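These notes are about the structure you will find just below.
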Amino acid sequence: MLDAMQFWAMVAHESDSGIVLTRQQVDEKSLGPGDVTIKVHYSSANYKDYLATTKGGGVVHAYPIVPGIDLSGEVVESSDASFAPGDLVVAHGYEIGLTHSGGFAEYARLPADWVVKLVGLSPREAAVLGTAGFTAAMSVQALLDHGVSPDAGPVLVTGATGGVGSVSVDILAGLGFEVIASTGKTDSNDLLHKLGAHDVIGRLPEDPGLQARPLNTARWAAAVDSVGGSSLAYVLSAIHYGGTVAASGLTGGTQLPATVMPFILRGVSLLGMESVNLGIERRRELWSALGAQLRPRYLSTLENYAPVTQASQVLRSLKGGSHSGRTIFGVAGEF
Ligand SMILES: NC(=O)c1ccc[n+]([C@@H]2O[C@H](COP(=O)([O-])OP(=O)(O)OC[C@H]3O[C@@H](n4cnc5c(N)ncnc54)[C@H](OP(=O)(O)O)[C@@H]3O)[C@@H](O)[C@H]2O)c1
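Read in our numbering, the sequence shown has 449 at position 265, and its numbers run on one by one without any break.
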């Protein structure tokens, strides 16, 4: 169907001055191998997209590439019987937007076992969630599977205005947890309270003196952490006896300057979250849960919108941590 057809894409090229995102026409060859051809309605801004469009970002090894680690839209063609034209779908992770052409183009072609049929969510809502929202759901589900319940005590969310953080606050509060939101943004109290946070605190540790202690006063029953670094080390030192931390990110650094004390004296569990290569069956289950029992209540509050042609500017705002919530990129009709 797309043979000999040209369509629009934002293509990342390497140049002497860095990675440049260029609006250009591409053809069917740029799609890469796959069974399911998707008309892309939306992609979204993720920290990894910022890295993919930044020299030395470390996640893309060969340019040019169409970035966009997640996308949602409508199937237009499928050689796999489990998908038919008109199906509404979402896809993220695996090689999408890294070695395989991603969501910043009018069309994407993907292996069928990378694609999720949407249940209970529109393509726009799925884009607001995107990779970050999916990782939030994975983190919350991991805490639930580990036996954390609302009566266990307060649950901390770090990087609370970010993508993973804000969706986590929304889901946890909707499930009845007392959510403590940690943020570096002094003007975000209203947003976080609207999402259901019980209390808003600064980035951690509030007092650098606490950082060096193997154990601190136990403050939280569990935590969803997308910051990592010394923040995560402090969080581990201040989790209740038997508590659980779901860790997914590194915006605060990759080092973990912690001791074993929280694990061996308080029985704290540190659960690693990896959404990129998660198997498709589990991925489909979690997306179904996102459309039902884990559905965030304030998706429209979290949403910012920009045409994909403005992706460069939006992604730069992720660098300094000044971005809040989730920005979706409109793709269809925006070139
Ligand atoms: N493991 C996985 O499968 C997976 C999946 C998705 C994302 N991730 C990772 O999770 C992290 C968050 O992703 P995202 O899409 O939510 O990014 P994001 O929207 O850019 O949010 C990151 C948030 O982290 C906080 N932050 C930024 N710089 C910080 C610093 N120096 N110290 C402490 N906090 C800082 C900020 O929140 P406040 O201003 O509110 O503090 C910021 O909004 C990234 O590292 C990403 O690569 C991992």
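Note that beta-carbon positions come from the ideal geometry of N, C-alpha and C, so glycine has one too.
Since the model is a prediction, treat every value here as computed from it, not as a measurement.
Beta-carbon gap between residue i and residue j smaller than 8 Å
{"i": "Asp383", "j": "Ile364", "result": "yes"}
{"i": "Asp264", "j": "Val224", "result": "no"}
{"i": "Val332", "j": "Ser432", "result": "no"}
{"i": "Leu502", "j": "Tyr234", "result": "yes"}
{"i": "Ser350", "j": "Ala430", "result": "no"}
{"i": "Thr537", "j": "Leu455", "result": "Residue 537 is absent from the structure shown; the chain starts at 185 and stops at 519."}
{"i": "Val300", "j": "Trp471", "result": "yes"}
{"i": "Pro441", "j": "Ala422", "result": "no"}
{"i": "Leu294", "j": "Ala275", "result": "yes"}
{"i": "Pro307", "j": "Ser256", "result": "yes"}
{"i": "Val460", "j": "Gly277", "result": "yes"}
{"i": "Gly386", "j": "Gly505", "result": "no"}
{"i": "Met457", "j": "Ala326", "result": "yes"}
{"i": "His424", "j": "Gly337", "result": "yes"}
{"i": "Ala381", "j": "Val353", "result": "yes"}
{"i": "Val492", "j": "Val515", "result": "yes"}
{"i": "Ile253", "j": "Ile280", "result": "yes"}
Proximal residues to residue i (C-beta, below 7 Å), its chain only, five neighbours per side dropped
{"i": "Leu340", "result": "Ile364, Ser366, Trp404, Ala407 and Val419"}
{"i": "Gln439", "result": "Gly413"}
{"i": "Pro389", "result": "Gln395 and Tyr418"}
{"i": "Gly451", "result": "Tyr425 and Gly426"}
{"i": "Ala490", "result": "Val498, Thr511 and Phe513"}
Per-residue burial, residue i [other beta carbons within 10 Å of its own, 16 or more giving buried]
{"i": "His284", "result": "buried"}
{"i": "Pro251", "result": "buried"}
{"i": "Thr539", "result": "In the structure as shown, the chain begins at 185 and stops at 519. Residue 539 is therefore absent and cannot be evaluated."}
{"i": "Met194", "result": "buried"}
{"i": "Ala495", "result": "buried"}
{"i": "Gln190", "result": "exposed"}
{"i": "Phe447", "result": "exposed"}
{"i": "His507", "result": "buried"}
{"i": "Lys232", "result": "buried"}
{"i": "Glu290", "result": "buried"}
{"i": "Ala268", "result": "exposed"}
{"i": "Asp329", "result": "exposed"}
{"i": "Ala246", "result": "exposed"}
{"i": "Thr370", "result": "exposed"}
{"i": "Gly346", "result": "buried"}
Cut-off 6 Å between Cβ atoms - residues of its own chain near residue i, not counting five sequence neighbours on either side
{"i": "Leu305", "result": "Gly475"}
{"i": "Pro398", "result": "Thr443 and Met445"}
{"i": "Val204", "result": "His197"}
{"i": "Phe361", "result": "Pro334 and Val339"}
{"i": "Gly358", "result": "Arg481"}
{"i": "Ser415", "result": "Thr342, Leu388 and Gly436"}
{"i": "Leu478", "result": "Ala321 and Ile355"}
{"i": "Gly241", "result": "Leu235"}
{"i": "Asp211", "result": "Gln190"}
(message) With a threshold of 8 Å, are at least 3 pairs of Cβ atoms found where one atom belongs to the segment 227-243 and the other to the segment 306-323?
(response) yes
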